[in-house]
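A short worksheet on the structure shown next.
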Amino acid sequence: MPDSSTEYDVAILGGGFSGGLLAWVLAARGMRVLLVERERFGRFAIGESSTPMADLVMRQLGQKYELPQLHALSTYPSWKEAFPNLQCGKKRGFSYYHHGGVPNGDRIDDGFHEYKDQATSPKRNSLLVTASPSDTWADTHWLRSDVDAFFIKQATLAGADCREGTVVVSAEMGEPIRLTLCKRRGGEDERASQMVSSRWLINASGRFGVLPENLAASIGLRRVDQQLQTSTRSVFAHFRNVGSWTDELRRTNQLGDDEPFDPDDAAQHHLTEDGWMWMLRLDHGVTSVGWTQPSGRDRVDWQRYASLQCMMRDAKFDDATPDWIRVDRVQRMQLPIRKQHYIAMPTAVATIDPLHSTGIAHGLIGVARLVDTLLSEPVRQQDLLASYAETVERELMRIDSLVAMCYRCLRSMSRFEAVSMLYFAAAIHSEEFLASGGDMHSPMWFLGNAEFGNLIDATNRQLDRNLTDTELWNWLRPRLQPFQTAGLLDPAVGGRYRYTGEAKG
Numbered sequence: 001m002p003d004s005s006t007e008y009d010v011a012i013l014g015g016g017f018s019g020g021l022l023a024w025v026l027a028a029r030g031m032r033v034l035l036v037e038r039e040r041f042g043r044f045a046i047g048e049s050s051t052p053m054a055d056l057v058m059r060q061l062g063q064k065y066e067l068p069q070l071h072a073l074s075t076y077p078s079w080k081e082a083f084p085n086l087q088c089g090k091k092r093g094f095s096y097y098h099h100g101g102v103p104n105g106d107r108i109d110d111g112f113h114e115y116k117d118q119a120t121s122p123k124r125n126s127l128l129v130t131a132s133p134s135d136t137w138a139d140t141h142w143l144r145s146d147v148d149a150f151f152i153k154q155a156t157l158a159g160a161d162c163r164e165g166t167v168v169v170s171a172e173m174g175e176p177i178r179l180t181l182c183k184r185r186g187g188e189d190e191r192a193s194q195m196v197s198s199r200w201l202i203n204a205s206g207r208f209g210v211l212p213e214n215l216a217a218s219i220g221l222r223r224v225d226q227q228l229q230t231s232t233r234s235v236f237a238h239f240r241n242v243g244s245w246t247d248e249l250r251r252t253n254q255l256g257d258d259e260p261f262d263p264d265d266a267a268q269h270h271l272t273e274d275g276w277m278w279m280l281r282l283d284h285g286v287t288s289v290g291w292t293q294p295s296g297r298d299r300v301d302w303q304r305y306a307s308l309q310c311m312m313r314d315a316k317f318d319d320a321t322p323d324w325i326r327v328d329r330v331q332r333m334q335l336p337i338r339k340q341h342y343i344a345m346p347t348a349v350a351t352i353d354p355l356h357s358t359g360i361a362h363g364l365i366g367v368a369r370l371v372d373t374l375l376s377e378p379v380r381q382q383d384l385l386a387s388y389a390e391t392v393e394r395e396l397m398r399i400d401s402l403v404a405m406c407y408r409c410l411r412s413m414s415r416f417e418a419v420s421m422l423y424f425a426a427a428i429h430s431e432e433f434l435a436s437g438g439d440m441h442s443p444m445w446f447l448g449n450a451e452f453g454n455l456i457d458a459t460n461r462q463l464d465r466n467l468t469d470t471e472l473w474n475w476l477r478p479r480l481q482p483f484q485t486a487g488l489l490d491p492a493v494g495g496r497y498r499y500t501g502e503a504k505g
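Position 458 (the sequence shown) corresponds to 458 in UniProt numbering; numbering is contiguous.
In structure tokens, the structure reads:
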């Protein structure tokens, strides 16, 4: 790397989807953008499941900043037509299956592995929540290595200076911020360095990002993981030859005739009293699989559950992940979000949990807010950034509270369904708000309604009382009604919530 000095408007740390997309949009609007990634571009990452809110934000970014590629990526069919070689999977909604059962030696006969007669309801231990009205408007699972690399390529084509295998060895806060960069070779930092300057420094480094010590000290960076209620550990990897859950349900006569979508075309959740397994199926034969457990419980092998073992019987690790990746605690959070001209993306501030698939949506909302802010008149920027920092922190705490509540209810499908509807009510409200032209800088997930926050707190108090499932439903259902329009917590639908929102066009 030559020993020279270069000036930029924005320097971005991290080459994941939020950093790459931010670089692309800003460069396309004429800003001088530097993006540095300490590893290589397009590497394995989780946080792979999009949502209606995420796709809506993507579409709005494409329209506002004249980037038609983003509009194409906002639904499964348009993605496949425009970018057939960019790997993804179809997502029609969220499917949940509760694997209770009776221990049989080292195995748990969980009820899904054996044939059921016609008199047995296939819906008693499952929940399907539809996210789109048809395949035409389906959401997507992202192969993050492909999508992240695509955003970096587009950013480069738009004029951004994107460098992989590059580390920031020091940073001096000021106006401008001065960064010292060096290349990495074989895991070691080279001696040759380059000094660059930038008006803004954006941290988009994700959960494994490390800031230079002098930068962390100058902004007062601190870990605040203890503020989060959710505490889980996880193992995850990509596999080939994972069995079809839809086929397994059909084989055992437990696939309903009126399912709103194919259970495999979903963010698939296999719930147990010990934890839960996600399965996200991609079109090229790879399935993202993760096993997540509450930290305070004994470690339990998912292979104890007969039907999970059956699906994974022929599975082989994909080349991207030759073994399970283990994270002892998923949750982490660091503050401040903003200090002078340093700003952190939501994905750099915190990781909450894979449950509810909020990461992509929150990252994209962060991109939309920061693009608008950095392209605004300087007189508006300070107020927008103060609002951004406060809003992102509050949103993360809201997501945490909604996720933590669900972990309290893993032992019962009925109980889990009841409390998960608080999350779906908040997500649907945010989607409808944005679709109607609502301000992107406004807080999401019903943060603008104090009564909804009170309902979350009151529901936790009811859980403390150890109500029966029926008592919990009877208490929560009338109290949720003022906050939802989608027929949530309707016992008549038998855990099958069909799409009731507007089309995404």
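Ideal Cβ placement from N, Cα and C applies to all residues, glycine included.
Buried is the label assigned to P354, since at least 16 other Cβ atoms lie within 10 Å of its Cβ.
Out of G448, A425, L271, the CA that lies nearest to the CA of S414 is found in L271.
L402 places its beta carbon less than 8 Å from that of A426.
The beta carbon of L26 is closer than 7 Å to those of V10, V33, V371, L374 in its chain, skipping five residues each way along the sequence. Following the DSSP letters along the chain, one finds I428 inside the alpha helix (DSSP H) bounded by residues 413–435. Per DSSP, the beta-bridge partners of V168 are L181. Ranked by Cα distance from Y97, the first of A348, R461, T347, Q268 is Q268. Taking all protein chains shown into account, R38 has 16 or more neighbouring C-beta atoms within 10 Å of its C-beta and is therefore buried.
In this structure L157 does not touch V168 by the C-beta definition: roughly 24 Å separates them, more than the 8 Å allowed. The Cβ neighbour count for Q226, taken over all protein chains shown within 10 Å, is under 16; the residue is labelled exposed.
Going by DSSP, G89 is part of the beta strand (DSSP E) stretching over 88–91.
Within the region 232–275, the runs of beta strand (DSSP E) that reach at least 3 residues and sit entirely inside it are, in chain order, 232–240, 266–271. In this structure, Y423 sits near H356, with a CB-CB distance shorter than 8 Å.
The Cβ atoms of Q382 and V224 do not sit closer than 8 Å to each other. Rounded to whole angstroms, the gap between the alpha carbons of P336 and R304 is 43 Å. With a 10 Å radius around the Cβ and a threshold of 16 neighbouring Cβ atoms, V210 comes out exposed. Selection D262, Y76, A386 evaluated against H441 yields A386 as nearest (Cα-Cα). Per DSSP, reduced to three states, the secondary structure at L221 is coil, with no helix or strand assignment. M444 is the residue among A418, N85, M444 whose C-alpha sits nearest the C-alpha of I428. Of the candidates R222, V330, G14, D457, G14 places its Cα closest to the Cα of I152.
Remark: C-beta atoms of H238 and S198 do not approach each other more closely than 8 Å.
Spatial neighbours of Q484 in its own chain (CB-CB distance under 6 Å, excluding positions within 5 residues in sequence) are listed in chain order as A425. Leaving aside the five residues that flank Y76 on each side, the residues in its chain whose CB is nearer than 6 Å to its CB run, in chain order, K90, A138, T140. Within the model, the alpha-carbon separation for R240 versus L143 is close to 14 Å. Just so you know, the alpha carbons of A217 and T347 end up roughly 20 Å apart. Buried is the label assigned to V242, since at least 16 other Cβ atoms lie within 10 Å of its Cβ. Of the residues D464, Y342, P478, the one whose Cα lies closest to the Cα of A171 is Y342. C-alpha of G359 to C-alpha of Q194: approximately 33 Å in a straight line.
Selection I46, V36, P52 evaluated against F433 yields P52 as nearest (Cα-Cα). A straight line joining the alpha-carbon of G159 with that of I12 spans about 14 Å. Straight-line spacing of the CA atoms in E471 and A458 works out to 14 Å.
Between R332 and A361, the C-beta spacing is not below 8 Å. Judged by DSSP secondary structure, R144 falls outside any beta strand (DSSP E) and instead within the alpha helix (DSSP H) spanning 144–157. Closest by C-alpha distance to A54, out of W24, S18, L86, A82, is S18. Within the same chain, R59, G62, Q63 come within 7 Å of H71 by CB-CB distance, once the 5 residues on both sides are set aside. If you draw a straight line from the Cα of R394 to the Cα of D400, it is about 10 Å long.
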